[in-house]
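Here's the structure, in structure tokens; my notes come after.
In this note's numbering, the protein residues as written are 105 to 447.
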């Protein structure tokens with residue numbers, strides 16, 4: 105497993121560089137990889153290391169559009185995968201993810217409410233803030249309702265599915281009442297999930313949130329390993345299960361809220377990537393967390409880049425593609441009954 109882990113880390117880092125290069129060069133306007141890297145180095149070092157031999161529009165496409173997009177894909181993929189790990193440790197069920205538990209749907213509803221009702225009533229309320237607030241509300245609602253009576257991971261997942269359906273219904277209703285084409289386009293962005301709106305202003309806050317969440321989660325890898333084995337054993341071994349659950353809910357909600365506020369709903373990343381990672385390197389969170397972050401970044405960035413290569417002249421929402429890929433995976437896990445672990 106150790107050698108497997110090292111190989112996966114090295115391969116993932118290589119793939120991130122490869123995918124990033126391809127992502128920046130391909131699209132409706134194809135660019136030279138040599139020009140791309142020269143532009144990036146000039147920008148990063150804030151001086152003309154390489155003589156400018158490209159059009160100004162080329163530099164704008166690379167730096168203002170494609171670099172933020174690939175960074176948003178990498179950060180969001182890693183973040184959603186980390187949330188998947190935390191949710192699955194909490195529920196001891198590998199079907200758990202921010203998408204399945206309804207957090208993403210709730211956040212999407214918050215964004216659409218901001219767009220549609222805000223447009224009707226004439227006030228300007230940020231969809232990102234709406235997404236974050238409703239994502240937080242949904243998370244606590246799911247955990248509150250599933251915690252009534254005896255706690256079980258299956259009850260939590262089913263509550264999440266019910267809440268997700270409820271918010272999806274509200275979102276669909278709001279979309280049908282949209283008064284303008286701009287409102288409709290804005291609402292569809294949040295429902296479908298897209299990286300097309302990536303801007304530099306989103307990258308630093310999102311990266312900082314991911315970095316802090318990763319550090320805090322990694323510090324608790326031993327407690328997460330014990331929690332997966334069962335609540336009673338965890339309590340016996342000195343783990344404060346209630347406090348650890350609260351920590352998981354807060355980190356998961358914050359990270360999901362920030363991601364959905366930037367990308368809309370991108371489903372199944374937090375389900376698929378942790379499951380694949382466990383199959384490759386085992387369930388020890390010391391290795392699982394870094395591996396999942398890297399594979400999540402590769403998965404989402406690779407999926408988005410492949411979609412852009414195939415559909416060069418058309419913008420296909422990334423959430424649509426991940427749902428098409430993830431739904432069969434979800435059904436296969438149900439069929440094999442391979443979603444429970446721990447005590």
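The beta-carbon is built from N, C-alpha and C at its ideal position, and this holds for glycine as well.
Using only CA atoms, which one of the options lies nearest to residue i?
{"i": "residue 372", "options": "414, 204 and 320", "result": "204"}
{"i": "residue 179", "options": "411, 415, 417 and 370", "result": "370"}
{"i": "residue 364", "options": "148, 331, 248 and 215", "result": "215"}
{"i": "residue 263", "options": "335, 242, 384 and 274", "result": "242"}
{"i": "residue 188", "options": "342, 208 and 142", "result": "208"}
{"i": "residue 174", "options": "380, 316 and 300", "result": "300"}
{"i": "residue 292", "options": "244, 405, 212 and 115", "result": "212"}
{"i": "residue 240", "options": "248, 267, 210 and 261", "result": "210"}
{"i": "residue 236", "options": "294, 288 and 112", "result": "294"}
{"i": "residue 251", "options": "194, 275 and 279", "result": "194"}
{"i": "residue 128", "options": "170, 404 and 142", "result": "170"}
{"i": "residue 308", "options": "139, 176 and 131", "result": "176"}
{"i": "residue 168", "options": "297, 320, 144 and 248", "result": "144"}
{"i": "residue 433", "options": "407, 379 and 333", "result": "379"}
{"i": "residue 321", "options": "259, 296, 358 and 334", "result": "358"}
{"i": "residue 199", "options": "350, 338, 290 and 376", "result": "376"}
{"i": "residue 374", "options": "399, 266, 290 and 136", "result": "399"}
{"i": "residue 319", "options": "342, 351 and 336", "result": "351"}
{"i": "residue 269", "options": "281, 280 and 246", "result": "246"}
Quick one: what does DSSP say residue i is sitting in, helix, strand or coil?
{"i": "residue 388", "result": "coil"}
{"i": "residue 107", "result": "helix"}
{"i": "residue 197", "result": "strand"}
{"i": "residue 251", "result": "coil"}
{"i": "residue 362", "result": "helix"}
{"i": "residue 167", "result": "helix"}
{"i": "residue 293", "result": "helix"}
{"i": "residue 340", "result": "helix"}
{"i": "residue 154", "result": "coil"}
{"i": "residue 142", "result": "helix"}
{"i": "residue 298", "result": "coil"}
{"i": "residue 159", "result": "coil"}
{"i": "residue 207", "result": "helix"}
{"i": "residue 279", "result": "helix"}
{"i": "residue 415", "result": "coil"}
{"i": "residue 260", "result": "helix"}
{"i": "residue 233", "result": "helix"}
{"i": "residue 136", "result": "coil"}
{"i": "residue 149", "result": "coil"}
{"i": "residue 448", "result": "The shown model of the chain, from 105 to 447, leaves out residue 448, and the question about it has no answer."}
{"i": "residue 369", "result": "coil"}
{"i": "residue 284", "result": "coil"}
{"i": "residue 220", "result": "helix"}
{"i": "residue 303", "result": "coil"}
{"i": "residue 376", "result": "helix"}
Could you round the C-beta distance between residue i and residue j to whole angstroms and report it? I think they count as a contact, below 8 Å.
{"i": "residue 314", "j": "residue 183", "result": "5 Å"}
{"i": "residue 360", "j": "residue 202", "result": "4 Å"}
{"i": "residue 108", "j": "residue 392", "result": "The pair is not a contact, with the Cβ atoms about 12 Å apart (cut-off 8 Å)."}
{"i": "residue 185", "j": "residue 348", "result": "With a Cβ gap of about 20 Å, residue 185 and residue 348 do not count as contacting."}
{"i": "residue 278", "j": "residue 217", "result": "6 Å"}
{"i": "residue 416", "j": "residue 132", "result": "6 Å"}
{"i": "residue 431", "j": "residue 181", "result": "No, residue 431 and residue 181 are not in contact; Cβ-Cβ is about 18 Å, not under 8 Å."}
{"i": "residue 191", "j": "residue 356", "result": "6 Å"}
{"i": "residue 113", "j": "residue 395", "result": "7 Å"}
{"i": "residue 426", "j": "residue 407", "result": "6 Å"}
{"i": "residue 345", "j": "residue 331", "result": "7 Å"}
{"i": "residue 197", "j": "residue 261", "result": "6 Å"}
{"i": "residue 244", "j": "residue 310", "result": "Contact flag wrong, Cβ pair sits at about 22 Å."}
So, is residue i buried or exposed, given that buried needs 16 or more other C-beta atoms within 10 angstroms?
{"i": "residue 304", "result": "exposed"}
{"i": "residue 285", "result": "exposed"}
{"i": "residue 118", "result": "exposed"}
{"i": "residue 418", "result": "exposed"}
{"i": "residue 327", "result": "buried"}
{"i": "residue 151", "result": "exposed"}
{"i": "residue 166", "result": "buried"}
{"i": "residue 312", "result": "exposed"}
{"i": "residue 324", "result": "buried"}
{"i": "residue 340", "result": "exposed"}
{"i": "residue 159", "result": "exposed"}
{"i": "residue 439", "result": "exposed"}
{"i": "residue 231", "result": "buried"}
Under 8 Å, Cβ to Cβ, is there at least one residue of chain C near residue i?
{"i": "residue 175", "result": "As a matter of chain content, chain C is missing from the structure shown, which is built from one protein chain."}
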